[in-house]
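Just add 707 to wherever you are in the sequence shown, counting from 1, and you've got the numbering used here.
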Amino acid sequence: MTSRNRHAKIVESLRTTGVASVRELAERLQVSESTIRRDLIELDRNGELVRTYGGAALSPRGAVDTTERGPVDEIPFDVVATVDQALKEAIAEEAVKLVEDDSVVVLDIGTTPAAIARRLRGRPVTVITSSLAVLDELRHDEAVRLVMLGGVLRRNYQSLVGSLTEQALRQVSADLLFLSCTGVRPSGHVVDNMAVEAPLKQAMIETAGKVVLVAAETKFPGTGSLRVCPLSDIDVLITTGGADPDTLQLCREAGGKVILA
């Protein structure tokens, strides 16, 4: 196996697991641990993963399909925003009905939270986010108190991510979180496909008195292998009419309210 093929398999493996140890990768690829360490150094240098103690995690650049031709760029935020746009706008209309004046709202990274931000213009609320798309929606609105979380710039998806963002979230206490995801599994697991996003979403959940999952019908089951939370952590699910009824019933049984936009 060439080093190029080995590198592709390492990144492909991390896309499935999010993180992996040197030992796990060596066993999976049937090479020595010293070979894997050299591969990780090179991949880290190229920005395709982030070396960690004893292993590696996927970087924003590497969190995409990888073939022997090399990494394929992550789909830009502006492109994702045009997909299922009518569904996202309908969800956003329902979401803002849950926001009370003078409340503190955390808006997740994602295109639906950005649509929610647009509808919060002129409202006396505090919005906390690491989304640059939300910043663009609210930066000139004097009614909204906008708090930006720090972090490493993820250009393609217009967001800030990483340990600095997580540390900032530990200082936050919010009334409401609008959480996005890439999939809701029939098992009831809320999942994401980005290793850099899953821990941020988990940290956001810990900040909020009420967690509202905004997920269009196309997110059932959607994509993603990284667990964010079970449906029991969700207080309200806002979705659209084509969502899987069995999964919606699981949410109700777990204590969550379901709103169809």
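Each residue gets a CB set at the ideal place from its N, CA and C atoms; glycine is no exception.
No experiment lies behind these values; they were computed from the predicted model shown.
Query	Result
Endpoints, alpha helix (DSSP H) assigned at PHE885	Per DSSP, PHE885 belongs to no alpha helix (DSSP H); it is in the beta strand (DSSP E), 881–886.
Same chain only: Cβ atoms within 8 Å of LEU794, ignoring 5 sequence neighbours per side	ALA923, GLU924, THR925, THR947 and ALA968
Cβ-Cβ distance between LEU860 and ASP899 below 8 Å	no
ALA802 and VAL921 closer than 8 Å at C-beta	yes
Distance between ARG825 and PRO831 (C-alpha atoms, nearest Å)	14 Å
Same chain, Cβ closer than 7 Å to THR872, neighbours up to 5 away in sequence not counted	SER837, LEU856, GLY857, GLY858 and LEU907
Cβ-based neighbour list, ALA788, same chain, cut-off 6 Å, excluding 5 preceding and 5 following	THR818
For ILE912 and SER939, the rounded distance between their alpha carbons	12 Å
Cα-Cα separation, VAL851 to HIS714	46 Å
Closest residue to HIS896 among LYS917, LEU955, LEU736 and ARG758 (Cα-Cα distance)	LEU955
C-beta neighbour in chain C for ILE966, strict 8 Å	Protein chains in the displayed structure number just one, and chain C is not present.
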